[in-house]
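Report on the structure given below.
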Amino acid sequence: MKRIRLAGCLTLFASVVFLLFSTQAIAAKPIVLGAPLSTAYLYGWDAERGIKLAVDEINAAGGVDVGGKKRPFKVEVIDTRDLEPGVPVSEALMAVERLILNKKADFIVGGPNRSEAALAAMSLLSKHKKISIVTSGVLTPKYHKMVAEKYDKFKYCFRIHGEAVNLIGEIIANFADLKAKHGLTKVFIIAQDVSHARGAAKVMGKVAGGKGFEVTGTEIFPTGATDFSMALLKAKSTNSQIINIWMDMPESAILLKQWYDLKIPALPFGSTLAAAEQPGFWKATDGKGQYTLCNVVNAGNAPSDATEWTMKFYNAYTDKWGVEPEGLGSSSSYMAVYVLKDAIERAGTLKSDKVVAELEKTDIMGVYGRLRFDPKSHQVIPAKDPKEGAVGSILQWQDGKRVVVYPKSIAKGEILLPPWMN
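Everything in the sequence shown is counted per this note's numbering, starting at 9 for the first residue and increasing by one.
So this is what it looks like as structure tokens:
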């Protein structure tokens, strides 16, 4: 009887201890991550999925250690609609403010996605002293330049993915290879009528011209355009050999189908080309996306072995969401949460200025390489080798698969030309 009573007491004690710690875990105040995202578009929904995947993993492992106390992350998403045609920047700003004031967000991650909206939000973040890590969209170099120029005001703003100037450098490196191997020297540029694309198209024209390429023309299309045939025929009539595309709208899939149907003898090379980034692009174009190239900005958004994290993330994303990582914003949004966790734990607090100081000291290996921020501009430091910095990924659609062709350190294949170019 004594043994039975003792066993009963031990069981009761264990139950009380379990309930006590469980109650403490449940009662721990969550760290709220506010995610202002254009959720109806690729760069919004894939960012949301990347963020939530990381949050689920971190919470399942016990949460975030804040000064010795474990706290879970909680995600609050508000649709900014800033990637939709005709939606004013003010709507994205209201979304950010609602996250801060109504949802009590401790940090902002993800967007806004459109460059114009993200730039406008910087002053709002400064006003509330809220740290933001941009993870998807927002390719304008003006973002990190503003941080560097007015550090004291904009020091709360970070960007953990590549930007337009770096993308141009990667594209030009590939153009040089195509010139050396296949004699391709004539470039036609097609861009969407949005800030980063217009600016990038202009810079691309200057840089390509300075590197010995002939820029045969530039065409700008409004967001939501559905017919690109005249521009494609112009590219053909000028004997263009490469079509450089800057578009984040889903209608860019129509552009590629028209390119295929017209058999335009020029290689479609997207610097940002949202439709072609997605795993469903092949089916959406009935296989007419064959040979299309696009830059998905960071490794992990297409299959490769950049680091030990890469395919682990790739498979976890696929298992959770039933689709492979979909493009710009997938791996960077995932890593932003882990980088923030690392900085918070080193700071031992959620106080913005202390977490900013620790974010500036970030140096961890992630899905797309070694992650560090420039301490003056808060732009993630890029590299061609994942051991040195954040590496990008340029892929080409080959036989229904997204094959990484750049950088060479993580490439799974080489660029192929369509047969009608031979």
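We put the CB at the ideal spot given by N, CA and C, even for glycine.
Alpha-carbon spacing of residue i relative to residue j, whole angstroms
i           : j           : result
residue 363 : residue 378 : 19 Å
residue 326 : residue 333 : 7 Å
residue 404 : residue 411 : 5 Å
residue 243 : residue 271 : 12 Å
residue 281 : residue 304 : 8 Å
residue 130 : residue 371 : 25 Å
residue 186 : residue 353 : 46 Å
residue 76  : residue 134 : 29 Å
residue 286 : residue 429 : 25 Å
residue 93  : residue 262 : 17 Å
residue 422 : residue 416 : 9 Å
residue 268 : residue 413 : 21 Å
residue 328 : residue 49  : 19 Å
residue 162 : residue 295 : 45 Å
residue 200 : residue 124 : 14 Å
residue 190 : residue 310 : 26 Å
residue 279 : residue 179 : 7 Å
residue 246 : residue 425 : 19 Å
residue 213 : residue 395 : 32 Å
residue 29  : residue 36  : Bear in mind that a pLDDT of 46 at residue 29, under 50, signals an unreliable position, so the model cannot answer this.
residue 198 : residue 210 : 11 Å
residue 368 : residue 215 : 31 Å
residue 68  : residue 321 : 16 Å
residue 391 : residue 319 : 19 Å
Residue i burial status per 10 Å Cβ neighbour count (16 or more: buried)
i           : result
residue 171 : buried
residue 315 : buried
residue 109 : exposed
residue 192 : buried
residue 323 : exposed
residue 88  : buried
residue 330 : exposed
residue 90  : buried
residue 288 : exposed
residue 427 : exposed
residue 56  : buried
residue 51  : buried
residue 297 : buried
residue 70  : exposed
residue 148 : buried
residue 293 : buried
residue 308 : buried
residue 335 : buried
residue 188 : exposed
residue 100 : buried
Within 8 Å, strictly: CB atoms of residue i and residue j
i           : j           : result
residue 113 : residue 175 : no
residue 274 : residue 250 : yes
residue 61  : residue 342 : yes
residue 126 : residue 146 : yes
residue 381 : residue 183 : no
residue 401 : residue 260 : no
residue 399 : residue 393 : yes
residue 83  : residue 63  : yes
residue 384 : residue 159 : yes
residue 157 : residue 194 : no
Residues near residue i in its chain [Cβ-Cβ closer than 6 Å; skip 5 each side]
i           : result
residue 300 : 264, 276, 284 and 405
residue 168 : 141, 143, 340, 344 and 388
residue 196 : 224, 225, 243, 248 and 251
residue 58  : 338, 341 and 342
residue 317 : 374 and 375
residue 208 : 172 and 254
residue 95  : 89
residue 419 : 412 and 413
residue 220 : none
Sequence-distant residues of its chain with Cβ nearer than 7 Å to residue i (five each side left out)
i           : result
residue 34  : Note on residue 34: pLDDT 48, under 50, position unreliable in the model; the coordinate value appears next. So the list is empty, once near-sequence residues are dropped.
residue 218 : none
residue 86  : 44, 103, 106 and 107
residue 366 : 351, 354 and 355
residue 266 : 236, 237 and 240
residue 386 : 152, 155, 165, 166 and 167
residue 204 : 123, 147, 148 and 172
Own chain residues within Cβ distance below 8 Å of residue i, not counting five before or after
i           : result
residue 360 : 137, 138, 139 and 164
residue 72  : 39, 66, 78, 79, 80, 81, 349, 352 and 353
residue 357 : 74, 75 and 363
residue 202 : 122, 123, 124, 231 and 256
*May I ask you to verify whether the segment 116-132 touches the segment 44-58, counting CB pairs closer than 8 Å and requiring at least 3?*
Contact between the segment 116-132 and the segment 44-58 is present: three or more C-beta pairs spanning the two stretches fall below 8 Å.
*the segment 228-235 / the segment 252-259 touching (three or more Cβ pairs under 8 Å)*: Of all C-beta pairs linking the segment 228-235 to the segment 252-259, three or more are shorter than 8 Å, placing the two stretches in contact.
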